[in-house]
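Residue numbers (the numbering used here): 1 to 45.
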């Protein structure tokens with residue numbers, strides 16, 4: 001099993017996703033096809 005570095009994941013959520021509110025939960029998906037309709041994604045710079 002992969003070793004997860006939760007500090008790096010938290011930093012990614014704060015800085016890269018730039019969410020408008022703090023997330024209650026995060027689920028990592030392997031395929032974008034698994035995203036529900038109307039899912040909001042961060043913009044690309």
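C-beta atoms are modelled at their ideal positions from N, C-alpha and C, and glycine is treated no differently.
Check, Outcome
"Using only the alpha-carbon positions, how far apart do residue 32 and residue 41 sit?", "11 Å"
"CA-CA distance, residue 3 and residue 43?", "28 Å"
"So is residue 38 buried or exposed if we call it buried at 16+ other beta carbons inside 10 Å?", "exposed"
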